[in-house]
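Taken in sequence, the protein lines are chains A and B.
Residues 1 to 241 in our numbering are what the first sequence lists, from first letter to last.
Residues 242 to 333 in our numbering are what the second sequence lists, from first letter to last.
Using N, Cα and C, we set each Cβ at its ideal position, and we do this for glycine too.
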Amino acid sequence: MGMLSRMSTIVKSKMNRILDSAENPNETLDFAYEKQLEMLRGVKRGVVEMVAAKRRIQQQATSLQANVTRLSEQAGQAMEAGREDLARLALQRKQVAVIELQGLDEQIAGMEMEQEKLTAAEQRLQAKVTAFRTKKEIIKAQYTAAQAQVRIGSALSGLSEEMGDISLAVERAETKTANLRSRAGAIDELSQLGVLNDFSGSQDPLSKELEAITSAQSVEDELAALKSALPSAERKQLPGA
Amino acid sequence: MIIRITTEGQFNLPGSFVDELNEIDNELVEAVEAADRSSYDRLLKKMLDLVREKGSPLPIDEIVESDLILPESDLTLEEAQVLFVGEGLLPG
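If you want it as structure tokens, here you go:
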């Protein structure tokens, strides 16, 4: 059994579960139409959830990137201040952030592709739903129940296949969204534990010390700038003033 | 014959290409079995390209059943292996 037949079996097993009640043709038509609308809503919801998960991880990636930059600077400043211990801690934290960042872009790109596919699937289903609605009303109006049964047969199986295809796509997208969410959750957890802190506003001792060095350095820099801006005469008078 | 590529849509492929398709399919199964990633990627692409290039896409609002269904282009080797689990081809 090849890939071709295997894939067909899988899609068809999906669609049988979607549309297996076919007693009264008119009921079947309406039921099938309801199922399509339901599925369309499912696809839309899948896209929305995926976009939300993607946005969250993108924000995390941006702030991780900022952390990496900041930690590098702080490590440099710590070294200048003769605090190798602090520099080492800053670099260790930077490493954690770098590792978290790795693969994130790839994951985001993968989500984008999935999103495009789902959006295309949504459009396709929308077109089929519209076509089906027209067909359904025509069949209901023009044929007796027995005739309708025959008429809808092929349309229904074609439609079921489309829905089987789309439900597989939605499942796949859901799995990817769930993976992305758990990754985002893991990053949040590291942040809460202080391993991936955003240093502005965080309260752990290393952050405080690094901040102190940073601000001491800024004060020195500003003082130096002020000094050099003073006219030389005034500068001489300063000590006695 | 009508062929569907999942998540992509349906194509009408002249019946004369069926043998070629079957041949690629057999090689593809071997590649999955051997976990040969580079062959798998190459063959899946070859298979889908054959349908895309030699077939013509069906109008989006046409509702028909397919004769064959092919997987989407980014189905990974690992996912393909899962498809075959319980199929006797690979141990489940």
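**Message:** Strictly by DSSP, which residues pair up with Phe252(B)?
**Reply:** Ile244(B), Pro298(B)
**Message:** Just to confirm the assignment, what range does the alpha helix (DSSP H) spanning Ile108(A) have?
**Reply:** 104-142
**Reference Glu303(B); option with closest CA among Leu159(A), Ala186(A), Glu220(A)** = Leu159(A)
**Prompt:** Quick one: Cα of Ile310(B) to Cα of Glu162(A), how far?
**Reply:** Going from the Cα of Ile310(B) to the Cα of Glu162(A) covers about 11 Å.
**Prompt:** Using the beta-carbon of each residue, which ones in chain B are nearer than 7 Å to Ser154(A)?
**Reply:** Val305, Glu306
**Request:** Anything in chain A within Cβ reach of Arg245(B), meaning under 8 Å, just list it in chain order.
**Result:** Val11, Glu161, Asp165
**Prompt:** Among Ala148(A), Leu89(A), Lys44(A), Thr130(A), which one has its Cα closest to the Cα of Ala120(A)?
**Reply:** Lys44(A)
**Request:** Tell me Ile310(B)'s beta-bridge partners as DSSP assigns them.
**Result:** Arg245(B)
**Message:** Please state the DSSP three-state secondary structure of Gly76(A).
**Reply:** helix
**Asked** For a contact meaning CB atoms closer than 7 Å, what does Asn267(B) contact in chain C?
**Response** Among the chains of the structure shown, chain C does not appear; the protein chains present are A and B.
**Prompt:** If you measure from the beta carbon of Val270(B) to each beta carbon in chain A, is any gap under 7 Å?
**Reply:** yes
**Request:** State whether the region 55-74 of chain A contacts the region 166-176 of chain A, with contact taken as three or more CB pairs (one from each stretch) at a distance under 8 Å.
**Result:** no
**Asked** Where does Ala275(B) sit, in a helix, a strand or coil, going by DSSP?
**Response** Taken through DSSP and simplified to helix, strand or coil, Ala275(B) comes out as coil.
**Prompt:** Whose CA, out of Glu38(A), Met3(A), Asn26(A), lies closest to the CA of Ala146(A)?
**Reply:** Asn26(A)
**Message:** Please report the straight-line C-alpha distance between Ala155(A) and Met3(A), rounded to a whole angstrom.
**Reply:** 26 Å
**DSSP-derived helix/strand/coil call for Val305(B)** = coil
**Prompt:** DSSP state of Leu284(B), grouped into three classes?
**Reply:** helix
**Request:** Report yes or no: is there a C-beta of chain A within less than 7 Å of the C-beta of Pro298(B)?
**Result:** no
**Request:** Under 9 Å between beta-carbons, which chain B residues line up against Thr119(A)? List them in chain order, please.
**Result:** Per Cβ cutoff of 9 Å: no residues; Thr119(A) is ~11 Å from chain B at best.
**Asked** Looking at the unbroken alpha helix (DSSP H) that takes in Ala87(A), where does it start and where does it end?
**Response** Taken as a continuous stretch (DSSP letters only), the alpha helix (DSSP H) holding Ala87(A) covers 84-101.
**Message:** On the CB-based measure, 16 or more other CB atoms within 10 Å of its CB, does Leu262(B) come out buried or exposed?
**Reply:** buried
**Request:** Output, in chain order, the set of chain A residues within a Cβ distance shorter than 8 Å of Leu324(B).
**Result:** Met3, Arg6, Met7, Ile10
**Request:** Answer yes if the region 263-274 of chain B comes into contact with the region 292-302 of chain B, meaning at least three C-beta pairs across the two stretches below 8 Å, and no otherwise.
**Result:** no
**Request:** For the alpha helix (DSSP H) containing Phe325(B), list its first residue and its last residue.
**Result:** 318-325
**Asked** Between Asn253(B) and the rest of its own chain, which residues show a CB-CB distance below 7 Å, the 5 nearest in sequence each way excluded?
**Response** Ile243, Gly296, Ser297, Leu299
**Request:** Give me the Cα-Cα distance between Gln36(A) and Val323(B), rounded to the nearest whole angstrom.
**Result:** 28 Å
**Request:** Flag Lys44(A) as yes if its beta-carbon sits less than 7 Å from any beta-carbon of chain B, otherwise no.
**Result:** no
**Request:** Assign Ser242(A) to buried or exposed, taking buried as 16 or more other Cβ atoms, counted over all protein chains shown, within 10 Å of its Cβ.
**Result:** For residue 242(A) there is no data in the structure shown, the boundaries of chain A being 1 and 241.
**Request:** Work out the CA separation of Ala212(A) and Gly201(A) for me, nearest whole Å.
**Result:** For Gly201(A), the predicted structure reports a pLDDT of 48, less than 50, and the residue's modelled location is therefore unreliable. A value from the coordinates is still provided. Between the alpha carbons of Gly201(A) and Ala212(A) lies a gap of roughly 12 Å.
**Prompt:** For Ile246(B), does the count of other Cβ atoms within 10 angstroms reach 16, so buried, or fall short, so exposed?
**Reply:** buried
**Message:** Can you find the residues in the same chain that come closer than 7 Å, C-beta to C-beta, to Ile166(A), ignoring five residues on each side of it along the sequence?
**Reply:** Met39, Val43, Ala121, Leu125
**Request:** Output yes if chain B places a C-beta closer than 7 Å to the C-beta of Lys128(A); else output no.
**Result:** yes
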